[in-house]
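Only one structure is covered here, and it is reproduced in the block below.
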Amino acid sequence: MNDLNLRVAALKLCAHPKRFAELRDSLVPLPNRWNAAPHKFVRQFAEAKSSAEQVLVVKDIFYRGHDMDQDLEQEQQEVRHFLADLLLASPLKHAVRNQLTKLFSDNGLAKQDAQRLHRHSKDLLLEALQQSLGSLARNLEGIASHDRTNDTFVSANACLQNFPFGREALGRQVLLFAPLLPTAMERYWTDISDPSLELSPTRRNELYLYVQNALRFLVSLLSEWSDRLHQGGGQQLLSSADVVARQVARHVDTPWDVRSIAGLLIGHLARFSGAFVEYLAECARPRTGEQDLPVQTAALLVLRRSDYADHAPQALAILRMILTVGEREGSVSNLLVFLSKHLFIYSKSLAELRSLLPANQVLVYRQILAELQVFALQNISSATDSVRHMSSALLRQVLQHARASGQEELFHVVYGQFEARSAALSASCLAMEQLVAVAGVSQCIEHCPSLFGVIFPRFLGCEDIMMVSGHKTQPLAEWQGLWFGQLLAATQVADKRRSVIEQLLTQAVQLEPQTLAHLLLLRGDARLPLSSKLAAILSVRQLSERRRQELLCDLRPELEQALLGLDDHARLLALRFVVETSRPSDPLTSAEAEAIGLYLRHNANNPSAHLRQLGYALLQKALRRIHLGLAAHQKRPTVEGQQLVSLLQRLIGQLWRYLFPTANYGRRWLSLHLLHDCMDLGRKLQLDGELLLPPEALANLEHCLGDSYEQNKILAAQLLESLQTRCRFRPHEMMELLLSLRPPDSATGAFQLQVYCRAKEVDYPLPAGETTATDYERRTHTALQWCLEQLRAGLALAQRDLAEAAKLNPMYGLLFASRHLMQQLNLQELAARREPAWRRYVEELVSICLAVSRVVLPVVSSASPEGHLPAATGDQETDQPLANVLSRRLASEALQLVRTTPQMVLLCAWRSIKEVCLILGELVQRAPLEAEEHQEG
Numbered sequence: 024m025n026d027l028n029l030r031v032a033a034l035k036l037c038a039h040p041k042r043f044a045e046l047r048d049s050l051v052p053l054p055n056r057w058n059a060a061p062h063k064f065v066r067q068f069a070e071a072k073s074s075a076e077q078v079l080v081v082k083d084i085f086y087r088g089h090d091m092d093q094d095l096e097q098e099q100q101e102v103r104h105f106l107a108d109l110l111l112a113s114p115l116k117h118a119v120r121n122q123l124t125k126l127f128s129d130n131g132l133a134k135q136d137a138q139r140l141h142r143h144s145k146d147l148l149l150e151a152l153q154q155s156l157g158s159l160a161r162n163l164e165g166i167a168s169h170d171r172t173n174d175t176f177v178s179a180n181a182c183l184q185n186f187p188f189g190r191e192a193l194g195r196q197v198l199l200f201a202p203l204l205p206t207a208m209e210r211y212w213t214d215i216s217d218p219s220l221e222l223s224p225t226r227r228n229e230l231y232l233y234v235q236n237a238l239r240f241l242v243s244l245l246s247e248w249s250d251r252l253h254q255g256g257g258q259q260l261l262s263s264a265d266v267v268a269r270q271v272a273r274h275v276d277t278p279w280d281v282r283s284i285a286g287l288l289i290g291h292l293a294r295f296s297g298a299f300v301e302y303l304a305e306c307a308r309p310r311t312g313e314q315d316l317p318v319q320t321a322a323l324l325v326l327r328r329s330d331y332a333d334h335a336p337q338a339l340a341i342l343r344m345i346l347t348v349g350e351r352e353g354s355v356s357n358l359l360v361f362l363s364k365h366l367f368i369y370s371k372s373l374a375e376l377r378s379l380l381p382a383n384q385v386l387v388y389r390q391i392l393a394e395l396q397v398f399a400l401q402n403i404s405s406a407t408d409s410v411r412h413m414s415s416a417l418l419r420q421v422l423q424h425a426r427a428s429g430q431e432e433l434f435h436v437v438y439g440q441f442e443a444r445s446a447a448l449s450a451s452c453l454a455m456e457q458l459v460a461v462a463g464v465s466q467c468i469e470h471c472p473s474l475f476g477v478i479f480p481r482f483l484g485c486e487d488i489m490m491v492s493g494h495k496t497q498p499l500a501e502w503q504g505l506w507f508g509q510l511l512a513a514t515q516v517a518d519k520r521r522s523v524i525e526q527l528l529t530q531a532v533q534l535e536p537q538t539l540a541h542l543l544l545l546r547g548d549a550r551l552p553l554s555s556k557l558a559a560i561l562s563v564r565q566l567s568e569r570r571r572q573e574l575l576c577d578l579r580p581e582l583e584q585a586l587l588g589l590d591d592h593a594r595l596l597a598l599r600f601v602v603e604t605s606r607p608s609d610p611l612t613s614a615e616a617e618a619i620g621l622y623l624r625h626n627a628n629n630p631s632a633h634l635r636q637l638g639y640a641l642l643q644k645a646l647r648r649i650h651l652g653l654a655a656h657q658k659r660p661t662v663e664g665q666q667l668v669s670l671l672q673r674l675i676g677q678l679w680r681y682l683f684p685t686a687n688y689g690r691r692w693l694s695l696h697l698l699h700d701c702m703d704l705g706r707k708l709q710l711d712g713e714l715l716l717p718p719e720a721l722a723n724l725e726h727c728l729g730d731s732y733e734q735n736k737i738l739a740a741q742l743l744e745s746l747q748t749r750c751r752f753r754p755h756e757m758m759e760l761l762l763s764l765r766p767p768d769s770a771t772g773a774f775q776l777q778v779y780c781r782a783k784e785v786d787y788p789l790p791a792g793e794t795t796a797t798d799y800e801r802r803t804h805t806a807l808q809w810c811l812e813q814l815r816a817g818l819a820l821a822q823r824d825l826a827e828a829a830k831l832n833p834m835y836g837l838l839f840a841s842r843h844l845m846q847q848l849n850l851q852e853l854a855a856r857r858e859p860a861w862r863r864y865v866e867e868l869v870s871i872c873l874a875v876s877r878v879v880l881p882v883v884s885s886a887s888p889e890g891h892l893p894a895a896t897g898d899q900e901t902d903q904p905l906a907n908v909l910s911r912r913l914a915s916e917a918l919q920l921v922r923t924t925p926q927m928v929l930l931c932a933w934r935s936i937k938e939v940c941l942i943l944g945e946l947v948q949r950a951p952l953e954a955e956e957h958q959e960g
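Structure (structure tokens):
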């Protein structure tokens with residue numbers, strides 16, 4: 024159950040990042056007691072239209088001068104109280120709260136105008152914050168909702184986070200908040216434990232979060248102001264908190280984060296009440312269940328360094344019990360996450376503890392470090408990322424403590440594990456990484472003779488860390504022979520490790536760029552692969568353009584072979600070497616353009632989406648170089664600039680030819696994206712007259728509108744809108760596509776209709792229908808009315824016979840086209856124009872959508888929709904053979920002879936209801952609501 028709770032909490036947290044972002048960007052409402060305030064500064068804040076404007080208003084209110092006729096001192100007091108209330112009412116991390124936190128500080132006070140008569144002071148600001156916190160606490164003394172109570176605690180607890188004024192003000196009101204927290208925790212936990220409430224998983228996890236917030240707030244108060252709570256009789260007030268905390272900590276279905284905070288509260292309350300010795304004795308008592316694990320782990324975390332002089336054996340006993348449970352329940356991932364996280368936190372508290380311990384407790388300290396090391400080594404190669412990272416950090420922390428205390432045997436444990444192969448090689452390499460970070464690479468090489476020859480370079484693990492560390496301590500010649508030489512030798516073995524070895528080689532060259540000269544001397548050695556050379560060359564950013572061009576000329580045969588080869592890694596490295604330069608303004612050369620053309624010719628149809636994206640990103644860098652070169656050419660014409668225009672023209676012509684009718688998705692995707700970038704480049708530089716379209720360009724783009732993938736349709740439609748001056752699409756052919764049973768055909772018809780509506784001129788007008796007087800997007804309005812007319816006909820047929828309508832007019836294509844055309848409109852501008860024709864169209868569209876939903880509802884709500892067929896007609900009772908109408912397009916005459924199937928009806932119903940929902944959602948999200956006009960009388 025705990026796993027389920029964690030998953031629900033994680034999903035809830037990840038499902039609302041947009042809501043949290045919108046909350047932080049939304050307007051901060053006025054605090055309740057200021058809603059009717061007549062003050063000018065309150066109205067000024069209320070009239071702000073954005074969070075950024077609210078920030079400016081807040082600064083102006085804090086720093087501004089005042090009219091001399093007003094009661095300045097009284098108004099300044101109201102300003103401080105208003106800003107304090109506003110700070111505590113603002114959501115966490117909101118821009119307004121962040122600004123107010125800066126203003127309520129010493130820096131904010133220092134920026135005041137020295138000439139002002141009534142200035143803010145620290146005491147006055149603290150008084151305002153104290154009063155606002157007191158008001159928050161007093162408002163919770165009655166029966167308040169869980170949500171409101173939690174918001175109050177979270178806002179008050181935030182005063183402890185990088186807010187010195189808030190911390191001091193909260194300390195003055197600590198006795199008001201302390202008695203409220205146990206009561207709220209009891210109410211939260213009562214609702215969680217009450218099965219009759221039947222809480223949803225989302226609400227249950229919200230209550231768990233509220234419990235966690237209240238527990239954390241109370242722990243903070245005990246840590247900061249325990250003396251003040253003692254003086255105010257807090258021991259009696261907080262006695263009930265211990266009861267709730269123990270129930271939470273021992274409840275196995277509660278998330279681990281909540282249980283861990285509950286355990287910490289139990290430890291702090293034990294120290295607060297003077298029963299800390301009894302508390303440690305209870306935690307050290309042998310137990311075998313995991314229900315006590317949060318309490319035992321918290322006992323280690325609340326220990327102070329001074330406690331170890333008397334309680335070190337108890338700490339060791341508690342640690343051993345915790346590790347026993349962890350070893351027994353090692354298959355429970357969330358338990359290991361909890362343990363690794365808290366043991367790492369505990370290990371940090373052991374720093375410099377050795378010097379404070381008496382001689383008789385040193386052995387216990389050594390045993391504690393040894394136990395922590397055992398846990399870290401057992402879980403350092405865990406399949407769970409967080410466990411693996413925390414175990415690695417724990418091991419490094421333990422080794423640092425061992426080095427400081429002279430406990431060398433812990434280092435030999437890691438050496439022995441590596442040499443004896445007693446653990447998996449991956450675990451040994453991860454442990455060796457942490458050891459290298461603490462002891463250095465020389466000591467590791469000395470104690471691990473099998474590292475070279477047996478392990479490296481046959482197996483790759485911790486070499487990158489050791490190589491980087493060795494570069495800082497080893498002589499250059501020794502380091503180069505030990506690491507760089509072996510890497511060069513390892514690259515000559517053609518296996519799947521080569522790309523990893525080349526990454527190590529790149530790191531080596533970056534550490535010591537002078538070794539690049541040594542690498543380039545081997546360029547005549549055929550045994551060294553080109554990818555290794557390129558990986559090393561590309562890692563040196565100081566390579567001059569002249570030297571790069573020389574290498575490009577020398578390596579040209581090998582580069583061409585790599586661009587044509589089967590190795591994906593080598594192809595991308597070769598293309599990267601061609602297009603990347605130290606300065607993006609270096610113009611593209613003819614040799615580089617030829618290499619790019621070679622890459623496109625043989626790799627544009629690559630089926631791998633990952634490689635296609637990487638290649639496209641590199642080609643964008645080439646276009647960037649062309650752009651900068653042509654921009655410089657327009658300022659100062661040169662021969663190289665004129666060559667760039669010719670190179671760009673050839674590249675565009677090559678891309679247009681790649682859009683032939685039978686091109687696959689990958690070739691079209693890459694060509695359309697690059698053409699889109701090239702057209703943008705031409706528009707920015709005003710090269711429209713110099714970039715001529717080949718004869719087949721527009722025809723190929725029209726073929727792309729029939730692509731099966733919508734992304735290619737979108738790009739093709741955008742290019743057609745910007746390039747063609749006259750649309751050749753025929754309305755009756757577009758309508759045939761919209762009425763097709765095949766969803767790709769209806770999408771094609773919708774995109775053709777988009778291009779038709781956006782064209783400057785058309786060869787074939789739409790059928791004459793209802794004439795409307797509208798000046799905004801007249802052709803789009805006519806097209807939408809045309810679709811609406813066909814929808815009425817389809818709806819009438821569906822109301823008579825849904826099976827016949829699913830075959831002859833399935834409606835979802837027309838609905839998709841209507842939604843698609845509306846997405847091209849600016850509904851905000853359309854609403855501002857208040858044109859009756861558009862208002863009437865939207866009303867009719869919504870009415871038809873609701874009618875369509877009623878017609879198809881019996882199918883989509885059926886318990887078995889795939890077998891649901893409305894009342895039979897004569898067409899369905901014929902003996903005509905079943906034709907697969909979804910695999911090919913049929914004429915309307917042929918469709919009359921096809922027998923309707925339940926699958927055709929299901930397709931019509933589901934897609935129609937989908938488009939109806941999307942249309943209504945589009946209107947709700949994008950169409951502005953019109954305020955109701957109240958008539959007098």
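At position 505 of the sequence shown the residue is numbered 528 (the numbering used here), and the sequence of numbers has no breaks.
We treat Cβ as the ideally placed atom computed from N, Cα and C, and that holds for glycine.
#1: Can at least three beta-carbon pairs, one atom from the stretch 652-664 and one from the stretch 672-680, be found at a separation below 8 Å?
#2: Could you please give the first and the last residue of the uninterrupted alpha helix (DSSP H) stretch that includes Glu-866?
#3: Flag this pair as touching only if the stretch 367-384 and the stretch 315-330 have three or more C-beta atom pairs under 8 Å; answer yes or no.
#4: Alpha carbons only, please: which of Gln-497, Ala-450, Gly-772, Leu-764 is nearest the one belonging to Pro-754?
#5: Rounded to the nearest angstrom, what separates Leu-156 and Val-51 at their Cα positions?
#6: Please work out which residues of its chain come closer than 6 Å, Cβ to Cβ, to Gly-897, disregarding the five sequence neighbours upstream and downstream, and give them in chain order.
#7: Express the C-alpha separation of Leu-163 and Tyr-86 in angstroms, rounding to a whole number.
#8: Whose C-beta lies closer than 8 Å to the C-beta of Glu-209 among residues of the same chain, with five residues either side of it excluded?
#9: Tell me the rounded alpha-carbon separation between Ala-69 and Phe-127.
#10: Leaving out five residues on either side along the sequence, give the residues of the same chain with a beta carbon under 6 Å from the beta carbon of Trp-502.
#11: Helix or strand or just coil, what does DSSP make of Phe-475?
#12: Counting only the same chain and skipping the five closest in sequence on each side, list residues whose C-beta sits under 7 Å from that of Leu-241.
#13: Would Asp-170 be called buried (16 or more neighbouring beta carbons within 10 Å of its own) or exposed?
#14: Can you round the beta-carbon distance between Leu-853 and Leu-776 to whole angstroms, since I take them to be within the 8 Å contact cut?
#15: Contact defined as beta carbons within less than 8 Å: I believe Ala-770 pairs with Lys-736. What is the distance between those atoms, to the nearest angstrom?
#16: Between which two residues does the alpha helix (DSSP H) holding Tyr-681 run?
#17: Could you give the distance in angstroms between the alpha-carbon of Asn-357 and the alpha-carbon of Ser-283?
#18: In whole angstroms, what is the alpha-carbon distance linking Leu-941 and Val-177?
#19: Closer than 8 Å is the cut-off here; do at least three beta carbon pairs connect the stretch 609-623 with the stretch 634-652?
#20: For Arg-753, which of helix, strand or coil comes out of DSSP?
#21: Does the separation of the CB atoms of Ala-829 and Val-947 fall below 8 Å?
#22: Asn-402 to Gln-497, Cα distance in whole Å?
#23: Give the range of the alpha helix (DSSP H) segment to which Leu-204 is assigned.
#24: Once you ignore the five residues that flank Leu-9 on each side, which residues in its own chain have a CB closer than 7 Å to its CB?
#25: Identify the continuous alpha helix (DSSP H) that holds Thr-529 and give its terminal residues.
#26: With distances taken between CB atoms, is the gap from Leu-811 to Leu-820 smaller than 8 Å?
#27: Should Val-275 be labelled buried (16 or more other beta-carbon atoms within 10 Å of its own) or exposed?
#28: Which residues does DSSP list as the beta-bridge partners of Val-785?
#29: Just to check my reading of the structure: Gln-981 and Glu-719 have Cβ atoms closer than 8 Å, yes? What is that Cβ distance to the nearest angstrom?
#30: List, from N- to C-terminal side, the beta strand (DSSP E) runs of 3 residues or more that fit wholly inside the stretch 403-463.
#31: Return the residue from the list Arg-195, Ala-201, Val-461, Ala-322 that minimises the CA-CA distance to Leu-342.
#32: What runs of the alpha helix (DSSP H), each 4 residues or longer, lie entirely inside the stretch 69-135?
#33: For Cys-727, which residues in the same chain have their Cβ closer than 8 Å to its Cβ, ignoring the five residues on either side in sequence?
#34: Classify Asn-173 as buried or exposed, calling it buried when 16 or more other Cβ atoms lie within 10 Å of its own Cβ.
#35: Do Leu-527 and Met-490 come within 8 Å of each other at the CB atom, strictly closer than that value?
Once the coordinates are examined:
#1: No, the stretch 652-664 does not touch the stretch 672-680.
#2: If you look at Glu-866, you'll find it in the alpha helix (DSSP H) that goes 859-883.
#3: The stretch 367-384 is in contact with the stretch 315-330.
#4: Comparing Cα positions, the closest option is Gly-772.
#5: Straight-line measurement puts the Cα of Val-51 at about 18 Å from the Cα of Leu-156.
#6: Any answer about Gly-897 is weak, because its pLDDT of 44 lies below 50 and its placement is not dependable; what the coordinates show is given next. Within the same chain, Gly-897 has no close Cβ partners at all.
#7: The alpha-carbon atoms of Tyr-86 and Leu-163 are separated by roughly 33 Å.
#8: The residues are Ser-263, Val-267.
#9: Spanning the two alpha carbons is a distance of roughly 21 Å.
#10: Only residues of its own chain outside the window of five on either side were considered, and among them Gly-493, His-494 have a CB closer than 6 Å to the CB of Trp-502, listed in chain order.
#11: Phe-475: strand per DSSP, three-state reduction.
#12: Excluding sequence neighbours, Leu-241 sits near Leu-204, Ala-264, Leu-288.
#13: Exposed, by the Cβ-count rule.
#14: Contact check for Leu-853 and Leu-776: beta-carbon distance about 18 Å, past the 8 Å limit, so the pair fails to qualify.
#15: The Cβ separation is near 6 Å, so the contact holds.
#16: Premise fails: Tyr-681 is in no alpha helix (DSSP H) and is neither H nor E.
#17: Each residue's alpha carbon lies about 13 Å from the other.
#18: Rounded to the nearest whole angstrom, the C-alpha separation of Leu-941 and Val-177 is 38 Å.
#19: Yes, they touch.
#20: Of the three classes helix, strand and coil, the one that applies to Arg-753 here is coil, per DSSP.
#21: In this structure, Val-947 does not lie closer than 8 Å to Ala-829 by Cβ.
#22: Approximately 32 Å, taken between the alpha carbons.
#23: Leu-204 -> alpha helix (DSSP H) spans 203-216.
#24: The question about residue 9 has no answer here: the residues shown for the chain are numbered 24 through 960.
#25: Element bounds for Thr-529: 521-534.
#26: For Leu-811 and Leu-820, no; Cβs fall outside 8 Å.
#27: Per the 10 Å Cβ criterion, exposed.
#28: Val-785 is bridged to Cys-750.
#29: No answer is possible for residue 981: it lies beyond the span of the chain, which begins at 24 and ends at 960.
#30: Listed in chain order, nothing qualifies, since the stretch 403-463 has no complete beta strand (DSSP E) run of 3 or more residues.
#31: Of Arg-195, Ala-201, Val-461, Ala-322, the residue nearest in Cα terms is Ala-322.
#32: Runs found: 74-86, 95-112, 118-126, 129-133.
#33: Closer than 8 Å at Cβ, skipping near neighbours: Leu-682, Arg-691, Leu-695, Asn-735, Lys-736, Leu-738, Ala-739.
#34: Flag for Asn-173 reads buried.
#35: Against a cut-off of 8 Å, the Cβ pair of Leu-527 and Met-490 comes out as a contact.
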